[in-house]
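The next block holds one structure in the form of structure tokens; read it before the comments.
Chains as they are written, first to last, in the working numbering: chain U, 1 to 371; chain X, 1001 to 1296; chain G, 2001 to 2396.
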């Protein structure tokens, strides 16, 4: 029926030889912790997972590189197998499907009918809009139509990755296909956006598991990004921040500062203007495996104003600088003499002295009237 | 033709007499009783060797005194005063040269014989409870003589306001009245600045020097400087108090010379009354000899 | 003593072109004064925490009152030393003094941060801090302004008692003239006592500046030096004012009279120089005069002006001509002005890279106050008996 093969992946089987309830709870606890849900959520998660109806997820792919899906495949707590086997019901996913063709389309329709109003729609990739959207068609339907159709009956809509959030790489100048983000297409609907290129998969897991467990979505900012991941800019939590504060910068790649791990601001790091939690949550389970961590400036991949628009090595304004580690000097410079004041005062003084001299002269010229 | 030489000489003799009086005044400086801290004097002790420059005291002071943030040096972004001013009653400064560094906390010194109080016409500035120097606005005309007088440059003025106040540390006397400590002393994470009885703090400061002579400059600033201050300072060995920006005042209380001259001239208002009588008598006698009405 | 020629109003039109110019200047200044009260000192002056006192104190008050010591100086000469021949110079001197001190009072209201509280000074004697030199200055000047106008009041009463004067004014004159005349001796005595006190105190104010005042100015003798120079300036201003007034209003000059008087400030300045220089040498501060800085330069400027003016006044030939005595007097007056500006501003260094320079509104307000003073002077000498002719004796 188009469901994903139920056999757990080899790695999972090795790590978890028997799937007892204790192991299952462990998974739920780890999952809850990883995405910042409280520990008692694990119990709820287990209950939701144990119920016969796991939340249904439909995952649509449009103009994308599949990088966001690939990122998701590299999570470990929970890993994708636990996720799709025990916590959610991934009913439509073109990459992970075994099904194809008419089979796949049938599954999509059936899932939409059976879970109307309750399924989670995850959108990956941008949606082309030029020339009626013909630049992306799946099973004869344009991406625009497909999205509108599936979104109409979704319980929650999540746009994963910068492409789905605001257009991403396909929308870079001159944007020949009119690539647009899902929120633009689905005006009026709440679309949680998780920009990033790729997005950090744990941000997705957090949103999905919260919805699966509690039926609610996290608090969002003005661009519908979850605050738990996008409230702060990279600069605020960057491990190289002390170098920024102390004025220690990399000049060019390979120089002494670069070797010592100095701040990459001068090489064009977009950290000060980029909202994301990359510095807090590593990618792919390798601590330090993120751009700044490996010595490359952040390119601002979550921000529509920066990514694929502003050159990588162009510096940005620091939005809310915290004070540098400097102190009031013992003898601060308080000088404040203005040139205009000097001029006016000079004029007045000069006028007075001039008047005095003139008066003296006049006294000398005029005859003594006394005699 | 010259003015009557006798009158001129009269005048010069008078000037000479005044000069002699002036010279006689100087030895009288030692005879004047010097002020001592009141018996319930409280003070602060700042040990520069312990200060880490965290500036928590600056933030606590602003909060405790309802001071606005001074963001003038950062384009409106963050609080970074570069000196004591109308928005900053307490500041941490940094002394640094090629091989020495030290932090320096600057605020009102709460002098034993304050120059500002000597200057203040109506007693707006006064040493009140515990010898703390506080300012009460209902008597202040805003003449700013206190700013001229203070050798530490402490009293600052709200020039930016139409109805200005004098702004200076008052050792959080409003908190002390409630049994709390000055905000800076309460929050200091290293106890670099502490609050307590003046006599105890002075003893503590001296004990620290005695116990660790290699660590400290062998002097407690404020013990006698400028007549003494109720805020005492200890400095790192090798960093003089002048390096930290404190003036070298010697032991003479700052207002002493002026007070002595003032009192010599005006003591009991005798001289003015006597002069008035002399002038009146002379004018009256001259009127008689001129035989005409005296009128400008 | 021969009879003095009676002072008379000069008469003539009030709204001369010069008067209009002065009025315009004052008009601008008045607007700026309103702004100062609305916006505060920071917006209108160059004052700062480093320099809490600027030209409104150093010039308008300290120097302005010294320039207004003509009445004091003349009172000494005429009433204490009984030189009746100088009597005609008294009224104009008292007028200049009254205006100068009133200008200083206006400036004080502009300078202090809370002008309405000025009136708490005389009202609350229980609050007085008797150690405060500034308190003495404030009380003394408050009283002295009144005393000066009282000393001048006979001129007003005279005019109001003439035929054709307004009946109310005549009534005022009739009522108060006898009272003032009866009290004139104590008034004059107070009028000589008070400036002795507060001019000394104006010198004592900067004692409290301690090390912030440069070594060439800071001395316990500062009060005495201020007193001596203010008396010398008083005579100097009388000479200048007399020569200017007689020239502008086409009156008979009083050159010979002034020449005899003009040697007094010369002797006074000698005393000043002696005290100041001996003090500087004995304190070991002479080296400061040879440094390469503004303070050393201004010290020598002062010395040059004091010595130049004094030397001219000691020369009978120089002081015997209108031009000579005017120039000499101007040098001495300028010396006294610069001495005061130096003591309060140039010599005052609070450290920490503070600088002070008056802001444009600050300068214009001062100029406006002076303009108002000149307007008042012109009005009063034209409508009231201030200026008179010199006595016969003066021409011998």
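Even for Gly, the Cβ is constructed at its ideal location relative to N, Cα and C.
For residue 1111 (chain X), which residues in chain G fall below 9 Å Cβ to Cβ?
None at all; the shortest Cβ gap to chain G is about 12 Å.
Please tell me whether residue 2057 (chain G) and residue 2344 (chain G) are closer than 8 Å, where the distance is taken between their beta carbons.
Yes, the Cβ-Cβ distance between residue 2057 (chain G) and residue 2344 (chain G) is below 8 Å.
Output, in chain order, the set of chain X residues within a Cβ distance shorter than 8 Å of residue 2325 (chain G).
In chain order: nothing, as chain X lies at least about 14 Å away.
Hey, is residue 2018 (chain G)'s beta-carbon within less than 8 Å of any beta-carbon in chain U?
Chain U, which has no Cβ nearer than 8 Å to the Cβ of residue 2018 (chain G), makes this no.
Can you tell me the Cβ-Cβ gap for residue 271 (chain U) and residue 238 (chain U), rounded? I've got them flagged as a contact below 8 Å.
About 6 Å; that satisfies the 8 Å criterion.
Starting from residue 1126 (chain X), trace the beta strand (DSSP E) in both directions and tell me its first and last residue.
First-last of the beta strand (DSSP E) with residue 1126 (chain X): 1125–1127.
Measure the CB-CB distance between residue 2374 (chain G) and residue 1283 (chain X) and report whether it falls below 8 Å.
No; because the gap between Cβ atoms is not below 8 Å, this pair is not in contact.
Going by Cα to Cα distance, which pick from G:2178, G:2131, G:2064, G:2039 is closest to residue 1158 (chain X)?
Among G:2178, G:2131, G:2064, G:2039, the Cα nearest to that of residue 1158 (chain X) is on G:2039.
Report all residues from its chain with a CB closer than 8 Å to the CB of residue 2019 (chain G); omit the five preceding and five following residues, and keep chain order.
Closer than 8 Å at Cβ, skipping near neighbours: 2375, 2378.
In three-state DSSP terms, what is residue 93 (chain U)?
Residue state, collapsed to three classes: strand.
I need the straight-line Cα distance from residue 186 (chain U) to residue 253 (chain U), nearest angstrom please.
Answer to the nearest angstrom: the Cα atoms are 43 Å apart.
Rounded to whole angstroms, what's the CA-CA distance from residue 1271 (chain X) to residue 1263 (chain X)? Just pull it up for me.
Each residue's Cα considered, the two are about 10 Å apart.
Give a yes or no on whether 8 Å exceeds the smallest Cβ distance from residue 2199 (chain G) to chain X.
No, because no Cβ of chain X sits closer than 8 Å to the Cβ of residue 2199 (chain G).
Is there a C-beta anywhere in chain U that falls below 8 Å from the one on residue 2284 (chain G)?
Taking Cβ atoms only, chain U never reaches closer than 8 Å to residue 2284 (chain G), which makes this a no.
Which residue comes first and which comes last in the alpha helix (DSSP H) that contains residue 2373 (chain G)?
Where residue 2373 (chain G) is concerned, the enclosing alpha helix (DSSP H) stretches over 2360–2383.
Check the Cβ-Cβ distances between residue 1082 (chain X) and every residue of chain U, and say whether any is below 8 Å.
At least one chain U Cβ lies under 8 Å of residue 1082 (chain X).
Taking the beta strand (DSSP E) that residue 124 (chain U) falls in, what are its first and last residues?
120–124 is the extent of the beta strand (DSSP E) around residue 124 (chain U).
Can you pull the chain U residues whose beta carbon is under 7 Å from the beta carbon of residue 2358 (chain G), in chain order?
Correct list: 341, 345.
So residue 1036 (chain X) contacts chain G; which residues on that side make the cut at Cβ distance below 8 Å?
Correct list: empty, because the minimum Cβ distance to chain G is about 17 Å.
Hey, is residue 1091 (chain X)'s beta-carbon within less than 8 Å of any beta-carbon in chain U?
Cβ-Cβ to chain U under 8 Å: yes for residue 1091 (chain X).
Going by the beta-carbon positions, is the gap between residue 143 (chain U) and residue 191 (chain U) smaller than 8 Å?
Cβ atoms of residue 143 (chain U) and residue 191 (chain U): not closer than 8 Å.
List in chain order: all unbroken alpha helix (DSSP H) runs of 4+ residues lying wholly within the region 1237–1296 of chain X.
The qualifying runs are 1256–1266, 1270–1290.
List, in chain order, every chain X residue whose beta-carbon is nearer than 7 Å to that of residue 327 (chain U).
By Cβ distance, chain X contributes 1053, 1092, 1093, 1094.
At 8 Å on the CB atoms, spell out the chain G contacts of residue 1107 (chain X), in chain order.
Near residue 1107 (chain X) there are no residues of chain G at all, since even the closest Cβ is about 14 Å away, more than 8 Å.
With a cut-off of 8 Å, does the C-beta of residue 1222 (chain X) fall near any C-beta of chain U?
So, not an interface residue.
Between the region 334–350 of chain U and the region 2036–2054 of chain G, can you find at least three pairs of beta-carbon atoms closer than 8 Å?
In short, these stretches touch, since the Cβ pair count reaches three.
If you draw a straight line from the alpha carbon of residue 2372 (chain G) to that of residue 2028 (chain G), how long is it in whole angstroms?
Those two C-alpha atoms are separated by around 11 Å.
From what residue to what residue does the alpha helix (DSSP H) around residue 2231 (chain G) run?
Its alpha helix (DSSP H) spans residues 2222–2248.
Would you mind listing the beta strand (DSSP E) stretches within the region 338–364 of chain U that are 3+ residues and don't spill past its ends, in chain order?
Entirely contained in the region 338–364 of chain U, not one beta strand (DSSP E) run reaches 3 residues.
According to DSSP, simplified to helix, strand and coil, what is residue 1184 (chain X)?
Residue state, collapsed to three classes: helix.
By the criterion of Cβ-Cβ separation under 8 Å, what are the contact partners of residue 1104 (chain X) in chain U?
Neighbours of residue 1104 (chain X) on chain U, chain order: 330.
Provide the residue span of the beta strand (DSSP E) that contains residue 2020 (chain G), from first to last.
No beta strand (DSSP E) holds residue 2020 (chain G); the alpha helix (DSSP H) holding it covers 2017–2039.
Chain U beta carbons: is any one of them nearer than 8 Å to that of residue 2033 (chain G)?
For residue 2033 (chain G), the answer is no, since every Cβ of chain U falls outside 8 Å of its Cβ.
Alpha carbon to alpha carbon, how far is residue 1 (chain U) from residue 96 (chain U)?
Because the pLDDT at residue 1 (chain U) is just 41, under 50, the model does not fix this residue reliably, and the point stays unresolved.
List the residues of chain U that residue 2243 (chain G) touches, going by C-beta distances under 7 Å, in chain order.
The contacting residues are 363.
What is the DSSP secondary structure of residue 1202 (chain X), reduced to helix, strand or coil?
Three-state DSSP puts residue 1202 (chain X) in a helix.
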